[in-house]
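Trainee: Right, I'll just put the structure down here and ask away after.
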Amino acid sequence: METRVAVYPGSFDPLTMGHMDIIQRSLKSFDRVVVAVAVNPSKEPLFSEEERILQIREALGHDPRVDVRCFQGLLVEFAREMEAGIIVRGLRAISDFEYEFQMAHMNHQLAPDIETLFMMTGSDHFYVSSRLVKEVCSLGGDVEALVPPNVYKALKLRMGK
Ligand code: PNS
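Heads up: the sequence shown begins at 230 in my numbering, then just goes up one per residue.
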């Protein structure tokens with residue numbers, strides 16, 4: 230039988246419980262999920278791509294059905310390399326919609342054979358974003374419930390809290 234492969238791309242700076250939820254739920258529909266950590270030279274991330282990859286692998290408990298890699302350049306080209314026909318994205322609120330709508334259409338224009346599949350973020354996590362997690366943590370707020378335990382430790386260390 231054909232292996233169903235999906236790519237789940239993002240910045241993951243850092244990985245949140247919202248991302249974890251999407252990865253776990255994707256595994257119910259796909260045999261293999263490639264978590265694709267975007268390398269964006271114009272952004273100054275809190276964690277390097279190597280750190281993010283290790284954090285995601287550790288948080289997932291080294292699940293053999295999940296591959297965590299970084300990619301540079303066009304997402305659709307990376308998806309092709311991974312032989313994935315599906316790009317998975319989580320949708321939180323209406324505010325995500327416009328950006329996601331544009332990206333999905335642009336990716337479709339570039340690669341009509343690759344579909345974008347949206348999953349609604351779980352109701353426990355619809356307000357969680359990496360940006361807010363970093364902001365709240367940097368201001369001394371408690372983000373323990375919003376990120377996996379290893380990411381929480383790394384955040385506290387990096388922010389000197
Ligand atoms: O977690 P993010 O920052 O919302 O993820 C955005 C990401 C990495 C999925 C997006 O920026 C992306 O796909 N970048 C790769 C470059 C690319 O293919 N650009 C054209 C997509 S329209």
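From the three backbone atoms N, C-alpha and C, an ideal C-beta is built for every residue, glycine too.
Near Gly247, which residues of its chain fall below 6 Å by C-beta distance, leaving aside the five closest residues on each side in sequence?
Mentor: Thr350, His354 and Val357.
Trainee: Check whether the region 258-266 touches the region 307-317, taking contact to mean three or more Cβ pairs, one atom from each stretch, closer than 8 Å.
Mentor: Contact holds: three or more Cβ-Cβ distances are below 8 Å.
Trainee: With distances taken from CA atoms, which of Glu278, Ala313, Ser359 and Ser324 is nearest Phe259?
Mentor: Checking every option, the nearest Cα to that of Phe259 belongs to Ala313.
Trainee: Are Val317 and Ala267 closer than 8 Å when you measure CB to CB?
Mentor: Their beta carbons are not under 8 Å apart, which means Val317 does not touch Ala267 by this criterion.
Trainee: With the cut-off set at 8 Å, would you say Gln284 and Leu320 are in Cβ contact?
Mentor: No, these two residues do not count as a Cβ contact at 8 Å.
Trainee: Please return the same chain residues whose Cβ sits closer than 7 Å to the Cβ of Val362, not counting the five positions on each side in sequence.
Mentor: The answer, listed in chain order, is Pro243, Thr245, Val372, Leu375 and Val376.
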